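Colleague: Here's a structure for you.
Residue numbers (our numbering): 339 to 539.
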């Protein structure tokens, strides 16, 4: 919901850093993999009982997620790079709830399973929309220049980052937050499906 509004603020500094990294030979794929490594480290930190410490690698992971595109724009964007970025994002999104389930299975496992299920549905609605949009030659730059069509929704990258930060700061509230965010994920998916019904008939 807030991604498009934040783009004019975050893109200029990200692009500047991206150009600097590209000039030193850093590749977009390397930045993507660094972001995934930080994200998985955050999930492991949660699972090992240190959700507060997980904030550092979690935020570094999301910084890398923004920088890989900036490095790509400074060099040569590739379809594989966009694909790798998307796979890495979904791996990260699933790993954090899994970490909380491992941390306290009795309190968190069901809520984590529900949250991952809603991520799965929301992801399917997003990817299916992108596939159909590509067939029709549709393009958008509302969330920045991307390798595939990014359909807007109630929950986007900004909201998900804020949610994960809250989970790390308030681990005892994981189940409540997960149920609430999961419901919003379902709402986002349903809204996207209804939008697709109007556009793709």
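C-beta atoms are modelled at their ideal positions from N, C-alpha and C, and glycine is treated no differently.
Predicted model, so just to flag it, every value in this text is computed and none were measured.
#1: With distances taken Cα to Cα, identify the nearest neighbour of residue 394 among 413, 373, 407, 409.
#2: Measuring CB to CB, does residue 437 end up less than 7 angstroms from residue 454?
#3: Which of the three DSSP states is assigned to residue 340 in this structure?
#4: Just to confirm the assignment, what range does the alpha helix (DSSP H) spanning residue 522 have?
#5: Expressed to the nearest angstrom, what Euclidean distance is found between the alpha-carbon atoms of residue 425 and residue 370?
#6: Using the three-state DSSP reduction, which class does residue 387 fall into: helix, strand or coil?
#7: Roughly how far, in whole angstroms, is the beta-carbon of residue 414 from the beta-carbon of residue 353, given that I think they are within contact range, below 8 angstroms?
#8: Out of 502, 539, 435, 528, which has the shortest C-alpha to C-alpha gap to residue 398?
#9: Which value, in whole angstroms, describes the spacing of the CA atoms of residue 474 and residue 466?
#10: Assuming residue 446 contacts residue 513 (C-beta within less than 8 angstroms), just tell me the rounded distance between them.
#11: On the premise that residue 524 lies in contact with residue 456, defined as a C-beta separation below 8 angstroms, what is that separation, rounded to the nearest angstrom?
#12: Residue 375 and residue 392: beta carbons closer than 7 angstroms?
#13: Quick check: the Cα distance between residue 462 and residue 404, rounded to an integer number of angstroms?
#14: Which two residues bound the contiguous alpha helix (DSSP H) that contains residue 429?
#15: Inspect the beta-carbon positions of residue 322 and residue 420 and report whether they are closer than 7 angstroms.
#16: When the Cα atoms are used, what is the spatial distance from residue 440 to residue 539?
#17: For the alpha helix (DSSP H) that contains residue 394, what are its first and last residues?
#18: Quick one: Cα of residue 520 to Cα of residue 450, how far?
#19: Using a Cβ-Cβ cut-off of 6 angstroms (strictly less than) and excluding sequence neighbours within five positions of residue 527, which residues of its own chain qualify?
Modeller: On the basis of the supplied data:
#1: To locate residue 394, count along the chain shown from 1; it is residue 56. Here the closest residue by C-alpha is 373.
#2: Reading the chain shown from its first residue, position 99 is the one you call residue 437. Reading the chain shown from its first residue, position 116 is the one you call residue 454. Going by C-beta atoms, residue 437 is not nearer than 7 angstroms to residue 454.
#3: Here residue 340 corresponds to residue number 2 of the chain shown, with the count starting at 1. At residue 340 the pLDDT is 49, less than 50, meaning the model places this residue with poor confidence and gives no usable figure here.
#4: As a first step, residue 522 must be located in the chain shown, where it is residue number 184. It spans 512-538 - the alpha helix (DSSP H) in which residue 522 sits, taken as one unbroken run.
#5: Here residue 425 is taken as the residue at index 87 of the chain shown, counted from 1. Here residue 370 is taken as the residue at index 32 of the chain shown, counted from 1. Going by the C-alpha atoms only, they are around 10 angstroms apart.
#6: Translated into positions along the chain shown, residue 387 becomes position 49. Residue state, collapsed to three classes: coil.
#7: In the chain shown, residue 414 corresponds to position 76, counting from 1. In the chain shown, residue 353 corresponds to position 15, counting from 1. The Cβ separation is near 15 angstroms, so there is no contact.
#8: Position 60 of the chain shown, counted from the start, is the residue given in the question as residue 398. Selected option, being the one with the closest Cα: 502.
#9: Here residue 474 corresponds to residue number 136 of the chain shown, with the count starting at 1. Here residue 466 corresponds to residue number 128 of the chain shown, with the count starting at 1. When the Cα atoms are used, residue 474 and residue 466 turn out to be separated by approximately 13 angstroms.
#10: Stepping through the chain shown from its first residue, residue 446 is reached at position 108. Stepping through the chain shown from its first residue, residue 513 is reached at position 175. Contact holds; Cβ gap of about 6 angstroms.
#11: In the chain shown, residue 456 corresponds to position 118, counting from 1. In the chain shown, residue 524 corresponds to position 186, counting from 1. With a Cβ gap of about 5 angstroms, residue 456 and residue 524 count as contacting.
#12: Position 37 of the chain shown, counted from the first residue, corresponds to residue 375. Position 54 of the chain shown, counted from the first residue, corresponds to residue 392. No, Cβ-Cβ distance for residue 375 and residue 392 is not below 7 angstroms.
#13: The sequence position of residue 462 within the chain shown is 124, counting from 1. The sequence position of residue 404 within the chain shown is 66, counting from 1. So the two alpha carbons sit approximately 22 angstroms from each other.
#14: As a working note, residue 429 is residue 91 in the chain shown. That run of the alpha helix (DSSP H) goes 417-441.
#15: Nothing about residue 322 can be reported from this structure: the residues present for the chain run from 339 to 539 only.
#16: In the chain shown, counting from the first residue as 1, residue 440 sits at position 102. In the chain shown, counting from the first residue as 1, residue 539 sits at position 201. In a straight line, the C-alpha of residue 440 is about 43 angstroms away from that of residue 539.
#17: Residue numbering aside, residue 394 sits at position 56 when the chain shown is read from its first letter. Counting along the chain, the alpha helix (DSSP H) containing residue 394 begins and ends at 393-412.
#18: Stepping through the chain shown from its first residue, residue 520 is reached at position 182. Stepping through the chain shown from its first residue, residue 450 is reached at position 112. Their backbone Cα atoms lie some 9 angstroms apart in a straight line.
#19: The residue labelled residue 527 in the question sits at position 189 within the chain shown. Cβ within range, chain order: 459, 460, 463.
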